[in-house]
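S.K.: Handing you a structure now.
Residue numbers (my numbering): 362 to 993.
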């Protein structure tokens, strides 16, 4: 009975905490970060894995429908945006009610088995995560429908907990397990949609520089809560395969990532910025080769390469050089090369590097013939940068590598490690062997084309797929199309050169990646021996030290951006029309022409922008850009 009472008290604290938070500076943002992280963690680490364990990969597709469906509906049918979001809220509330019914049943079961340590810790975890559930319902529903509706929903959830506590075990024994699991997956996706698109409470300050640290603190507290919940013995066994795979991948990745961030700062500090005249020299082949040479060593992802590509084109750089740069820069940088060596092996890493060179060079030569040439303009030299001392340049470069690059690529790397760790226990060699050997190359190449993946973030996943039986050529094909092509790239090229050029670019990159994938399979018949037993390779104290440093860098980035800014770097994964936080990703998916999440911060670093966050961004450059755009 005490467990039941404590669960209701934790649920009822939500409106009191919300009222208290409004009187304390930054408290709402702390709660925002806390709710976002805890609910997302519960969904991703508990609800969806249970559905997948019960129903297999179809549960993942159902969850994706719940996550992406409302956003796609809002984008296609703008007038139905509010009803679609309201439906998502309703589904989320139903999901929480069903989940709390099962929580009540679990608490009732804990009473029956009282005295067992596993039951006690699991009951504590159930009670602990009632607080973010109550906060989420109050925060989402109260601003839109009023406090009475929110209170009614809290009462409904409390009633479902009570029903589960006193009669849930008997009801669940007669329910259809399949439909419960799939329904939970669907509403879990809707839950993520609602939480990540939370409406701001009225009167809440939207200044990102004020919001980031506070919401970041809330996120870190949420991570500690998740560690407490899933560290209990009730969840320890179910997360053991995932946690082990994640730890192994993180230990292998952390040293090279930390070194890569340092090297990227050095490259940024001392690489010449104005190379337009050099890029315009020679024949079309020479220009494409120069674009490749410029792009390969640059530690930028596709979101950073796109605005630079547009800048090169507007300054009159030949299309062959600009397109070669656009493909080469995101496909493989310093971080991707260093990360590939321990995860993919030397032979696959060399093949990846050579194939990236060939795709960038050949795609640029093929597609650039369809783009009319423009007169080359003289580059605007940045004299202040030239006069700066090496120490000043190094400081600025390290700031870029250890701050900006972590902010921009850190979320992608975390996502890649997470997906790889989830896939490792779910994928098996038997399933992979049923996929025809030659078919995996075009399948993975086509899968990589419409989505945005970071070259570094995709590397751990490909390491797992190689270990599970995917051919090296298929992994290479995905690593070529994924970072170089995505819907944003196609959209920018279509606006700049027309739909015909965008289609030709996609076809060229896709066909070349598939052809090179088959060529790699002809040369490398199987994954290197060092890839398959990845989990068996021991990690020493140095790896753990680098992992601590890398986690610290991510934690600082989370504090700096806040969880919404941190996750906002992944915004190009799905379309949406919701309001963004005033972080750098405000530029994404608005009517800003070529603006890009990563470009905002990168241009601030390079040109010294002064931003005024009062509904507009006013840019003051060292040279004339002449544009002013609405921020939201």
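Backbone N, C-alpha and C fix where the C-beta goes; we use that ideal spot for every residue, glycine too.
Comparing alpha-carbon positions, which option in 876, 498, 611 and 682 lies nearest residue 825?
M.R.: Taking the first residue of the chain shown as 1, we reach residue 825 at position 464. Ranking 876, 498, 611 and 682 by Cα distance to residue 825 puts 611 first.
S.K.: Assuming residue 681 contacts residue 729 under a Cβ cut-off of 8 Å, what Cβ separation, rounded to an integer in Å, is found between them?
M.R.: As a working note, residue 681 is residue 320 in the chain shown. As a working note, residue 729 is residue 368 in the chain shown. That belief holds up - the Cβ atoms of residue 681 and residue 729 are roughly 4 Å apart, short of 8 Å.
S.K.: Measuring CB to CB, does residue 837 end up less than 8 Å from residue 877?
M.R.: Residue numbering aside, residue 837 sits at position 476 when the chain shown is read from its first letter. Residue numbering aside, residue 877 sits at position 516 when the chain shown is read from its first letter. Yes; because the gap between Cβ atoms is below 8 Å, this pair is in contact.
S.K.: Only counting the same chain, and skipping five residues up and downstream in sequence, which positions put a Cβ closer than 6 Å to that of residue 673?
M.R.: Taking the chain shown and counting its residues from 1, one reaches residue 673 at position 312. Once the five neighbours on either side are set aside, the close Cβ partners of residue 673 are 683.
S.K.: Residue 819 and residue 777: beta carbons closer than 8 Å?
M.R.: If you number the chain shown from 1, residue 819 lands on position 458. If you number the chain shown from 1, residue 777 lands on position 416. Yes, the pair counts as a contact, with Cβ atoms nearer than the cut-off.
S.K.: Could you please give the first and the last residue of the uninterrupted alpha helix (DSSP H) stretch that includes residue 764?
M.R.: Your numbering for residue 764 matches position 403 in the chain shown. That residue, residue 764, is in no alpha helix (DSSP H); it is neither H nor E in DSSP.
S.K.: Using a Cβ-Cβ cutoff of less than 6 Å, which residues in the same chain neighbour residue 375 once the five nearest sequence positions on both sides are dropped?
M.R.: Here the question's residue 375 lines up with position 14 in the chain shown. Excluding positions up to five away in sequence, the list reads 495, 496 and 499.
S.K.: Below 7 Å CB to CB, which residues in the same chain sit around residue 893 once its five sequence neighbours on both sides are set aside?
M.R.: Residue mapping note: residue 893 aligns to position 532 of the chain shown, counting from 1. Bear in mind that the predicted position of residue 893 carries a pLDDT of just 44, short of 50, making it unreliable; the figure below should be weighed with that in mind. Once the five neighbours on either side are set aside, the close Cβ partners of residue 893 are 828.
S.K.: Going by the CB atoms, is the gap between residue 401 and residue 553 shorter than 8 Å?
M.R.: Numbered from its first residue, the chain shown carries residue 553 at position 192. Numbered from its first residue, the chain shown carries residue 401 at position 40. Their beta carbons are under 8 Å apart, which means residue 553 touches residue 401 by this criterion.
S.K.: How would you call residue 509, buried or exposed, if buried means at least 16 neighbouring beta carbons within 10 angstroms?
M.R.: Position 148 of the chain shown holds residue 509. Looking at its Cβ environment, which holds fewer than 16 other Cβ atoms inside 10 Å, residue 509 is exposed.
S.K.: Rounded to the nearest angstrom, how far is the Cβ of residue 307 from that of residue 772, given a contact under 8 Å?
M.R.: Only positions 362 to 993 of the chain appear in the structure, and residue 307 is not among them; the question remains open.
S.K.: Thinking C-alpha only, which one of 823, 506 and 764 is nearest residue 840?
M.R.: Counting from 1 along the chain shown, the entry for residue 840 is found at position 479. Cα-wise, what sits closest to residue 840 is 823.
S.K.: Does the separation of the CB atoms of residue 846 and residue 881 fall below 8 Å?
M.R.: Position 485 of the chain shown holds residue 846. Position 520 of the chain shown holds residue 881. No; because the gap between Cβ atoms is not below 8 Å, this pair is not in contact.
S.K.: Counting only the same chain and skipping the five closest in sequence on each side, list residues whose C-beta sits under 7 Å from that of residue 693.
M.R.: Counted from its first residue, the chain shown places residue 693 at position 332. Within the same chain, residue 693 has close Cβ partners 657, 713, 714, 717 and 816.
S.K.: Compare the Cα-Cα distances from residue 522 to each of 621, 767, 781 and 366 and report the closest residue.
M.R.: Here residue 522 refers to the residue found at position 161 of the chain shown. The candidate whose alpha carbon is nearest that of residue 522 is 366.
S.K.: Output the distance between the C-alpha atoms of residue 804 and residue 549, rounded to the nearest integer angstrom.
M.R.: For the purposes of this step, residue 804 is taken as residue 443 along the chain shown, with counting starting at 1. For the purposes of this step, residue 549 is taken as residue 188 along the chain shown, with counting starting at 1. Whole-angstrom Cα-Cα distance: 28 Å.
S.K.: Quick check: residue 862 and residue 732, are their CB atoms within less than 8 Å of each other?
M.R.: Counted from its first residue, the chain shown places residue 862 at position 501. Counted from its first residue, the chain shown places residue 732 at position 371. Yes, the Cβ-Cβ distance between residue 862 and residue 732 is below 8 Å.
S.K.: Here's a check: name, in chain order, each residue in its chain whose Cβ is nearer than 7 Å to the Cβ of residue 722, leaving out the five neighbours to either side.
M.R.: Here the question's residue 722 lines up with position 361 in the chain shown. Answer for residue 722: 649, 650, 653 and 685, listed in chain order.
S.K.: What's the C-alpha gap between residue 384 and residue 395?
M.R.: The residue given as residue 384 occupies position 23 in the chain shown. The residue given as residue 395 occupies position 34 in the chain shown. Answer to the nearest angstrom: the Cα atoms are 18 Å apart.
S.K.: Out of 756, 708 and 726, which one is the CA nearest neighbour of residue 624?
M.R.: Reading the chain shown from its first residue, position 263 is the one you call residue 624. It is 756.
S.K.: Just the C-alpha distance for residue 864 and residue 781, rounded to the nearest angstrom, thanks.
M.R.: For the purposes of this step, residue 864 is taken as residue 503 along the chain shown, with counting starting at 1. For the purposes of this step, residue 781 is taken as residue 420 along the chain shown, with counting starting at 1. Going by the C-alpha atoms only, they are around 31 Å apart.
S.K.: Give every residue of the same chain whose Cβ lies closer than 6 Å to the Cβ of residue 759, excluding the five residues on either side of it in the sequence, and list them in chain order.
M.R.: For the purposes of this step, residue 759 is taken as residue 398 along the chain shown, with counting starting at 1. Excluding residues within five positions, the ones whose Cβ falls inside 6 Å are 626.
S.K.: Is it buried or exposed, residue 911, if we count other Cβ atoms within 10 angstroms and call 16 or more buried?
M.R.: Residue numbering aside, residue 911 sits at position 550 when the chain shown is read from its first letter. It counts as buried.
S.K.: For the putative contact between residue 614 and residue 768, defined by C-beta atoms under 8 Å, what is the C-beta separation to the nearest angstrom?
M.R.: Translated into the one-based positions of the chain shown, residue 614 becomes position 253. Translated into the one-based positions of the chain shown, residue 768 becomes position 407. Their Cβ separation, rounded to whole angstroms, is 18 Å, which puts residue 614 and residue 768 out of contact at 8 Å.
S.K.: Taking 8 Å as the cut-off, decide whether the C-beta atoms of residue 391 and residue 575 are in contact.
M.R.: In the chain shown, residue 391 corresponds to position 30, counting from 1. In the chain shown, residue 575 corresponds to position 214, counting from 1. Going by C-beta atoms, residue 391 is nearer than 8 Å to residue 575.
S.K.: What's the call for residue 568, buried or exposed, on a 16-neighbour Cβ count within 10 Å?
M.R.: Within the chain shown, residue 568 is the residue found at index 207, counting from 1. Unreliable placement is indicated for residue 568, whose pLDDT of 45 sits below 50; the coordinate value is still reported in the next sentence. Flag for residue 568 reads exposed.
S.K.: Between the beta-carbon of residue 420 and the beta-carbon of residue 409, is there less than 8 Å?
M.R.: What you label residue 420 is simply residue 59 of the chain shown in a count that begins at 1. What you label residue 409 is simply residue 48 of the chain shown in a count that begins at 1. The answer is yes: Cβ separation under 8 Å.
S.K.: Please report how far the alpha carbon of residue 516 lies from the alpha carbon of residue 369, in whole angstroms.
M.R.: Position 155 of the chain shown holds residue 516. Position 8 of the chain shown holds residue 369. Those two C-alpha atoms are separated by around 9 Å.
S.K.: So, under 8 Å CB-CB, residue 542 and residue 424 are touching, yes? Tell me the CB distance rounded to an integer number of Å.
M.R.: For the purposes of this step, residue 542 is taken as residue 181 along the chain shown, with counting starting at 1. For the purposes of this step, residue 424 is taken as residue 63 along the chain shown, with counting starting at 1. Contact doesn't hold; Cβ gap of about 11 Å is too wide.
S.K.: Could you tell me the distance, in whole angstroms, from the CA atom of residue 429 to the CA atom of residue 853?
M.R.: Mapped onto the chain shown, residue 429 falls at position 68. Mapped onto the chain shown, residue 853 falls at position 492. Computed Cα separation, rounded: 23 Å.
S.K.: Please name the residue, chosen from 645, 907, 927 and 525, that lies closest to residue 608 on a Cα-to-Cα basis.
M.R.: Here residue 608 corresponds to residue number 247 of the chain shown, with the count starting at 1. If we check each option's Cα against that of residue 608, 907 comes out closest.
S.K.: Quick one: Cα of residue 706 to Cα of residue 724, how far?
M.R.: If you number the chain shown from 1, residue 706 lands on position 345. If you number the chain shown from 1, residue 724 lands on position 363. Answer to the nearest angstrom: the Cα atoms are 27 Å apart.
S.K.: Just curious, the alpha helix (DSSP H) that residue 352 is in, first and last residue?
M.R.: Residue coverage of the chain in this structure runs from 362 to 993, which leaves residue 352 outside it and unanswerable.
S.K.: Select from 859, 631 and 844 the residue whose C-alpha is nearest the C-alpha of residue 750.
M.R.: In the chain shown, counting from the first residue as 1, residue 750 sits at position 389. Ranking the options by Cα distance to residue 750, first place goes to 631.
S.K.: DSSP on residue 931, reduced to helix/strand/coil?
M.R.: Here residue 931 corresponds to residue number 570 of the chain shown, with the count starting at 1. Coil.
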